[in-house]
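In this note's numbering, the protein residues as written are 23 to 386.
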């Protein structure tokens, strides 16, 4: 019997298509003949200056049962303490375990958040993390997606002076963005980030901020001294309508663990936890236990400081090499491990993305 035509076609996200095309030609992770510039994954092995990688963890008998939908209490408290230590030392309002919800990966957290949203107008800028568009489109019946174009003059970001009018003109109920930005590497920081928060409060526009790359911060050709998070500027953690998404995937280099979290006001987190009961059923308990060690203050700081040092060196090498070969790179690349390149000035045979990609595959 033929399958009924009741299923919609799901297009490949760019990175998946890129990897699939390479695999057809013999690529696999660890193949020494290939260089993988197509996937958003940091190096996951031992790294100069970083703590040793965790190689073992214990599975308790109780781990074979369902765990809490929102993550274990001890891990949620650990994550709250992590944010308070880094961003809220001198603030009266502190995060607690009730401000945190844990899930298996950043895309799952974002899926839960989209499932929780009502009939709203949700803004996001272009270029931006491609998965956002797919996630939002899965909720077309209730979420009206508003795309906001950016330009190279503003390093493909939206200045806070324009953000205010864009929220008003487009009647945005919420705004979703990555900071630092995947894929452009631009950062909203300092007074700009403060202004974003102020505008969102004044105009009742909830901010949903993907901070997966919050520790990949660079200044000119040097590593940054500290991470960036809007958590530093929030007034009352239970009043300001801001949801932060982060995890172990990028800044702690454990993408295969699929462990992430949302942190925000208690009432929003409670709602998010209810969503988890229908969407995924809660995160893995043994992985959460292993994550406790990753977030030990001394280890966490050693890891992220080493990360900025090593990736600053990698970034400088990549920028120099690309520019020497005629690729125009944004001057605003200050974060992440991505570089936003313009290939329009290359020879005609490789000055568009399709032909460039096909030629790159030939070079493995």
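Glycine residues also receive a C-beta, built at the ideal position from the N, C-alpha and C atoms.
Quiz prompt | Residue from 31, 51 and 33 with nearest C-alpha to residue 386 | solution = Position 364 of the chain shown holds residue 386. It is 51.
Exercise. May I ask you to report which of helix, strand or coil DSSP gives residue 331?
Key: Position 309 of the chain shown, counting from 1, holds the residue named residue 331. Here residue 331 sits in helix by DSSP.
Exercise. Give the straight-line distance between the Cα atoms of residue 216 and residue 308, rounded to the nearest whole angstrom.
Key: Translated into positions along the chain shown, residue 216 becomes position 194. Translated into positions along the chain shown, residue 308 becomes position 286. Between residue 216 and residue 308, the C-alpha separation is close to 37 Å.
Exercise. State the Cα-Cα distance for the pair residue 61 and residue 261, rounded to the nearest angstrom.
Key: For the purposes of this step, residue 61 is taken as the residue at position 39 of the chain shown. For the purposes of this step, residue 261 is taken as the residue at position 239 of the chain shown. Approximately 37 Å between the Cα atoms of the pair.
Self-check item: Assigned exposure category for residue 320 - 16 Cβ within 10 Å defines buried
Solution: Indexing the chain shown from 1 puts residue 320 at position 298. Flag for residue 320 reads exposed.
Quiz item: Whose CA, out of 67, 102 and 158, lies closest to the CA of residue 272?
Solution: Within the chain shown, numbered from 1, the residue matching residue 272 stands at position 250. Looking at the Cα atoms, 67 is the closest of the given residues.
Quiz item: Helix, strand or coil: which one does DSSP assign to residue 107?
Solution: Your numbering for residue 107 matches position 85 in the chain shown. Reduced to three states, the DSSP call for residue 107 is helix.
Exercise. Hey, could you find the ends of the beta strand (DSSP E) residue 265 is sitting in?
Key: Locating residue 265 in the chain shown gives position 243, where the first residue counts as 1. Per DSSP, the unbroken beta strand (DSSP E) holding residue 265 starts and ends at 264–269.
Quiz prompt | Cβ shell of residue 341 (< 8 Å), same chain only, five flanking positions each side left out | solution = The residue you call residue 341 lines up with position 319 of the chain shown. 351, 355 and 361, listed in sequence order.
Quiz prompt | Where residue 240 sits in the DSSP three-state scheme | solution = Position 218 of the chain shown, counting from 1, holds the residue named residue 240. Strand.
Self-check item: Cα-Cα separation, residue 379 to residue 349
Solution: For the purposes of this step, residue 379 is taken as residue 357 along the chain shown, with counting starting at 1. For the purposes of this step, residue 349 is taken as residue 327 along the chain shown, with counting starting at 1. Rounded to the nearest angstrom, the two C-alpha atoms are 14 Å apart.
Self-check item: Contact between the region 189–207 and the region 131–143 (3+ Cβ pairs under 8 Å)
Solution: yes
Self-check item: Top-ranked residue by Cα proximity to residue 214, from 238, 250 and 227
Solution: Here the question's residue 214 lines up with position 192 in the chain shown. Nearest of 238, 250 and 227 to residue 214, Cα basis: 250.
Quiz item: Is residue 147 closer than 8 Å to residue 130 when the C-beta atoms are compared?
Solution: Taking the chain shown and counting its residues from 1, one reaches residue 130 at position 108. Taking the chain shown and counting its residues from 1, one reaches residue 147 at position 125. No. Outside cutoff.
Exercise. Just list the beta strand (DSSP E) runs in the region 88–163, keeping only unbroken ones of 3 residues or longer that don't cross its boundaries, in chain order.
Key: 122–125 and 142–148
Practice problem: Can you have a look at residue 102 and say buried or exposed, based on whether 16 or more other CB atoms are within 10 angstroms of its CB? | Solution: What you label residue 102 is simply residue 80 of the chain shown in a count that begins at 1. Looking at its Cβ environment, which holds 16 or more other Cβ atoms inside 10 Å, residue 102 is buried.
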